[in-house]
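Numbering (this note's numbering), first residue to last: 8 to 221.
Every residue gets a Cβ at the ideal spot worked out from N, C-alpha and C, and that includes glycine.
Some notes on the structure that comes next.
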Ligand SMILES: [Cu+2]
């Protein structure tokens with residue numbers, strides 16, 4: 008609890024000061040601590056599974072980090088791990104969006120990533136988009152960690168195209184049905200998906216190959 012309180016206190020202190028011209032060293036240190044903690048929460052267990060092909064640092068509209076995501080390749084999809092802190096409680100839509108730009112109201116991130124086209128939502132007969140994910144349920148306290156397997160998502164050249172891709176967290180729940188984005192409301196946080204270098208990406212499998220049932 009002490010860690011959580013300290014982090015939230017640091018985060019809210021940063022929120023007050025985020026509008027200022029620059030972050031002080033102390034604020035930068037606090038931000039680095041938040042990032043390190045979230046990055047640890049989304050790191051896969053060492054030596055298990057495929058390479059981690061991407062990471063995202065998810066920032067709110069004040070430029071404060073409120074989340075992190077990692078993308079680990081699997082034989083038939085991608086395991087997406089996400090950790091959040093300092094987010095208002097409740098169910099929130101979360102998707103992979105088609106453009107790796109997080110500015111202003113995050114509209115620049117474009118629509119949902121879906122190289123194969125189709126429609127939005129798990130309940131749609133032409134759905135879901137490859138970038139569709141189940142809602143994240145943020146509890147009181149604003150912190151949670153989740154892992155979702157997505158069979159349609161691949162961190163390949165269609166995702167890492169010239170303009171990249173981003174994770175976008177919405178203010179409300181995705182209804183998994185309405186077009187084009189499940190009525191999930193404002194975009195409250197956004198993170199560009201950064202590709203990991205092939206060398207870094209291969210490290211997790213170098214030590215212990217994944218065990219697969221044949
Ligand atoms: Cu979205």
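Could you please give the first and the last residue of the uninterrupted alpha helix (DSSP H) stretch that includes residue i?
i	result
residue 38	32–48
Going by Cα to Cα distance, which pick from the options is closest to residue i?
i	options	result
residue 96	189, 178, 186	178
residue 152	54, 45, 39, 35	45
residue 109	171, 30, 185	171
residue 56	103, 114, 82	82
residue 120	140, 130, 195, 112	140
residue 98	183, 61, 161	183
residue 200	51, 35, 102	102
residue 160	186, 196, 77	77
residue 5	154, 133, 194	Lying before the first or after the last residue shown, residue 5 is absent from the chain, which here runs from 8 to 221.
residue 87	107, 115, 142	142
residue 165	36, 106, 58	106
residue 126	35, 58, 189, 36	189
Do you know offhand how far residue i's Cα is from residue j's?
i	j	result
residue 203	residue 128	29 Å
residue 145	residue 180	11 Å
residue 123	residue 168	14 Å
residue 84	residue 31	41 Å
residue 42	residue 150	14 Å
residue 39	residue 187	35 Å
residue 194	residue 49	22 Å
residue 61	residue 47	14 Å
residue 80	residue 162	8 Å
residue 118	residue 136	10 Å
residue 148	residue 132	36 Å
residue 156	residue 197	20 Å
residue 191	residue 100	6 Å
residue 69	residue 138	25 Å
residue 185	residue 158	21 Å
residue 130	residue 104	19 Å
residue 134	residue 29	43 Å
residue 113	residue 54	35 Å
residue 33	residue 59	31 Å
Could you spell out where the beta strand (DSSP E) holding residue i opens and where it closes?
i	result
residue 67	59–67
residue 84	84–91
residue 77	72–81
residue 94	Neither: residue 94 is in no beta strand (DSSP E) and is coded neither H nor E.
residue 119	No beta strand (DSSP E) contains residue 119, which DSSP labels as neither H nor E.
residue 103	101–104
Three or more C-beta pairs below 8 Å linking the region 89–98 and the region 61–77 | By the Cβ test, the region 89–98 is in contact with the region 61–77, since at least three Cβ pairs between them sit closer than 8 Å.
Count the CB pairs spanning the region 171–191 and the region 57–67 that are closer than 8 Å, and state whether there are at least three.
-> Under the Cβ criterion (8 Å, minimum of three pairs), the region 171–191 counts as touching the region 57–67.
Which runs of the beta strand (DSSP E) fall wholly inside the region 122–209 and span at least 3 residues, in chain order?
-> Within the region 122–209, the beta strand (DSSP E) runs of at least 3 residues that lie entirely inside it are, in chain order, 143–145, 151–157, 173–177, 194–202.
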